[in-house]
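Numbering (our numbering), first residue to last: 840 to 1359.
For glycine and all other residues, C-beta sits at the position ideal for the given N, C-alpha and C.
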Amino acid sequence: MRELDRQTIEEIGIPGMVLMENAGRSTVDRMEQVLGPVAGKTVCVFAGPGNNGGDGLVIARTVHGLGGFPFVFFPADPERLAGDAGLNLEIFRRLRLPYQVLDNQEKFFTLADTVLTLNRMHPIHSLVDALFGTGLEREIGGGFLETITCINTLRHSHRLPVVSVDIPSGLHSDTGAILGGAVQADLTVTYGLAKPGHYHHGGDRCGRLACIDIGIPAKLVARMQLQGALIDRTMLAGRLGLRPATAHKGSNGHLLVLAGSSGKTGAALLCGQGALRSGAGLVTFAVPGDLNPIFETAVAEAMSVPLPTSNGFLSIDDYPQIEVLCTGKNGIVLGPGIGTEPETRELVLRLYGSYAGPMVVDADALSILAAHPDLLRNPPGPRIFTPHPGEMARLLGTSVETVQADRLKAAQWLNASGADRRPPMITVLKGAGTVVAATGGAWAINASGNPGMATGGMGDVLAGIIGGLLVQGHDPWQAACFGVHLHGLAADRLAADRPYGYTATEVALQLPRVIGSLCP
């Protein structure tokens, strides 16, 4: 975004002051849409020392023009404002709008009381966080941290709405990490394009996110050839078309599922439900022989093949029969609930290294392969890995904390020299703000989903959805991106009535309706 700003100003000739004016005015417009008119109300603006503070001054001036009562707090000396932000400070001063420089500890100590006094004079419309933008790289401390703490306290204790300019102050724009402390916003208005930090870890600090056009030409964005994308309804629109009248089960793909063991048959069954509900024409389970009666009765629409020498868990001894079962299938899901018995480990390694078709690798299969990095990185066919943060940490040989600190970097673990010569390899790093990354460098962050999904079986359904989309003809990248978004949308439908307490089975059952809502 910084480069796009530079190109817009220097190459196209749109002055930075115009972009800043557009940003501030558009922010107030969105504030009024979401929180109501500013006329007759107080808007407290907390202006930082950079361009974010300059945006805040435009906001204050725009509020004044609309009949509101802006009041600006400067946690640092406003004389530090330079360039376009400095010019807006001069305009602000000539209008003689009220402000306070927080230049001693007493003013920080009484900041909340000052805001509440303003609230008694004219009801507060909102608190505007214009402290730091997307350029923040180091931890916040001192007066800025005190200001952030005060904003959050006023929001929590006095229900004063908070609007963040571009990104909540204190969030790292690339990783979503909290740098010492961060504003909790109800509305975040960002400019040009959304940033990864808005979505990593679910974007809880952002509240409602609005992306505003401030005048950056679309041709500049296209010329940048950005590798990152947002997985939303726009990405899926028109890509899940209605089927022709001549469609039949054979034309809609056949998925083989190798999953389940004693006590974990549910993982396999949920995977099958995800595949069927996402539109797969046929699903076949390859299962331990003694567990087959469960599969025969649990999912009537799926087929099951009992493996004669597998008892309680999948065994390498049944590899010849599994090899035959792979023939004619359009893809495989390997891993949900299979356990890590020695015979199962051998089977996973053999199948992973020999099957040339597309494969979704999930759960226990990931843990098994983590100990064999050379095999893992050189498959004979397309692979989609679906780790949660713990499994991702095992694959990387690191900690969950390290994975979560930079989820994008973790998901891009397979990007290395020669990656473009391999079959497609996609990583789906699950969690709030699921990241999808391909070996070629493309990456995307999912915008759907909610905390109610934090319950058993959700990942099994997702593996099935992705497998179901694969066998229907979507390429691995599409299957992964579309799968995570459909999964989240199905859960969002349920969360509209109950924020949590719904099950993975219920999410699978919602999939046909969600797909229908996206069809032309």
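### Task
Measure how close the beta-carbons of Y1341 and P1290 come, nearest whole angstrom, since I'm counting them as under 8 Å.
Residue 1341 sits at position 502 when you count from the first residue of the sequence shown. Residue 1290 sits at position 451 when you count from the first residue of the sequence shown. With a Cβ gap of about 12 Å, Y1341 and P1290 do not count as contacting.
#### Entry: Residues near S1256 in its chain [Cβ-Cβ closer than 7 Å; skip 5 each side]
Walking along the sequence shown from the start, residue 1256 turns up at place 417. Because S1256 sits at a pLDDT of 48, beneath the cut-off of 50, its placement in the model cannot be relied upon, and the following sentence gives the value as read from the coordinates. Counting only Cβ-Cβ distances below 7 Å, and skipping sequence neighbours, we find nothing.
### Message
Between which two residues does the beta strand (DSSP E) holding N1217 run?
### Response
Start at 1 with the first residue of the sequence shown, and residue 1217 comes out as number 378. First-last for N1217: undefined, no H or E at that position.
### Query
If you pair each beta-carbon of the stretch 1066–1073 with each one of the stretch 1316–1330, do three or more pairs fall below 8 Å?
yes
### Task
Report yes if the CB atom of D1101 is closer than 9 Å to the CB atom of L1130, and no otherwise.
On the sequence shown, residue 1101 is found 262 positions in, with the first residue counted as 1. On the sequence shown, residue 1130 is found 291 positions in, with the first residue counted as 1. A small fix is needed here, since residue 1101 is Ser in this sequence, not Asp. The Cβ atoms of S1101 and L1130 lie closer than 9 Å to each other.
#### Entry: DSSP state of E842 mapped onto helix, strand, coil
Position 3 of the sequence shown holds residue 842. Looking at E842 - three-state DSSP - the assignment turns out to be helix.
### Message
How far does the beta strand (DSSP E) with I1305 in it extend, from its first residue to its last?
### Response
As a first step, residue 1305 must be located in the sequence shown, where it is residue number 466. From DSSP, I1305 is part of no beta strand (DSSP E) but of the alpha helix (DSSP H) over M1297 to V1310.
### Query
Does the distance from the CB of I1177 to the CB of F1152 come in under 9 Å?
Here the question's residue 1177 lines up with position 338 in the sequence shown. Here the question's residue 1152 lines up with position 313 in the sequence shown. In this structure, F1152 lies closer than 9 Å to I1177 by Cβ.
### Task
Would you list the residues sitting across from C883 in a DSSP beta bridge?
Here residue 883 corresponds to residue number 44 of the sequence shown, with the count starting at 1. Its beta-bridge partners are F910 and L966.
### Query
In whole angstroms, what is the alpha-carbon distance linking A1119 and R1337?
Numbered from 1 along the sequence shown, position 280 holds the residue referred to as residue 1119. Numbered from 1 along the sequence shown, position 498 holds the residue referred to as residue 1337. It is roughly 29 Å from the alpha-carbon of A1119 to the alpha-carbon of R1337.
### Query
Tell me, which residues are paired with T1104 by DSSP?
Counting from one through the sequence shown, the residue named residue 1104 turns up at place 265. Partner(s): none; T1104 has no beta bridge.
### Task
Classify I851 as helix, strand or coil using the three-state DSSP reduction.
Numbered from its first residue, the sequence shown carries residue 851 at position 12. I851 falls in the helix class under three-state DSSP.
### Query
When the Cβ atoms of the stretch 1074–1089 are set against those of the stretch 1157–1171, are three or more pairs found closer than 8 Å?
no
### Query
Would DSSP call L1153 helix, strand or coil?
If you number the sequence shown from 1, residue 1153 lands on position 314. Three-state result, L1153: coil.
### Query
Short check: CB of G1288 to CB of H1227, under 9 Å?
Locating residue 1288 in the sequence shown gives position 449, where the first residue counts as 1. Locating residue 1227 in the sequence shown gives position 388, where the first residue counts as 1. For G1288 and H1227, no; Cβs fall outside 9 Å.
### Task
State the Cα-Cα distance for the pair G1099 and L874, rounded to the nearest angstrom.
Here the question's residue 1099 lines up with position 260 in the sequence shown. Here the question's residue 874 lines up with position 35 in the sequence shown. G1099 and L874: Cα-Cα distance of roughly 50 Å.
### Residues that R1047 bridges to, as DSSP identifies them
On the sequence shown, residue 1047 is found 208 positions in, with the first residue counted as 1. By DSSP's assignment, R1047 forms a beta bridge with L1026.
### Message
Taking its Cβ as the centre, do 16 or more other Cβ atoms sit within 10 Å of H1037, making it buried, or is it exposed?
### Response
As a working note, residue 1037 is residue 198 in the sequence shown. Buried: at least 16 other Cβ atoms inside 10 Å.
#### Entry: Residues sharing a beta bridge with Q939, DSSP
The residue given as residue 939 occupies position 100 in the sequence shown. Paired residue(s): F912.
### Message
Whole angstroms are fine: how far does the CA of L1350 sit from the CA of P1219?
### Response
As a working note, residue 1219 is residue 380 in the sequence shown. As a working note, residue 1350 is residue 511 in the sequence shown. Distance from the CA atom of P1219 to the CA atom of L1350, rounded to whole angstroms, is 31 Å.
### Query
If we count the other Cβ atoms within 10 Å of its Cβ and call it buried at 16 or more, is T949 buried or exposed?
Stepping through the sequence shown from its first residue, residue 949 is reached at position 110. Exposed, by the Cβ-count rule.
### Cβ-based neighbour list, N1150, same chain, cut-off 8 Å, excluding 5 preceding and 5 following
Indexing the sequence shown from 1 puts residue 1150 at position 311. Only P1127, G1128 and D1129 meet the Cβ criterion.
### Endpoints, beta strand (DSSP E) assigned at P1145
Your numbering for residue 1145 matches position 306 in the sequence shown. Note, P1145: beta strand (DSSP E), M1142 to L1146.
### Task
With a threshold of 16 other CB atoms inside 10 Å of the CB of I930, please say whether the residue is buried or exposed.
As a first step, residue 930 must be located in the sequence shown, where it is residue number 91. Result: exposed.
### Query
What are the boundary residues of the beta strand (DSSP E) that G895 is part of?
By 1-based counting over the sequence shown, the position of residue 895 is 56. Counting along the chain, G895 falls outside any beta strand (DSSP E), though it belongs to the alpha helix (DSSP H) covering N890 to G904.
### Query
Counting Cβ pairs, one atom from each stretch, are 3 or more of them under 8 Å apart for the stretch 1179–1198 and the stretch 1236–1248?
no
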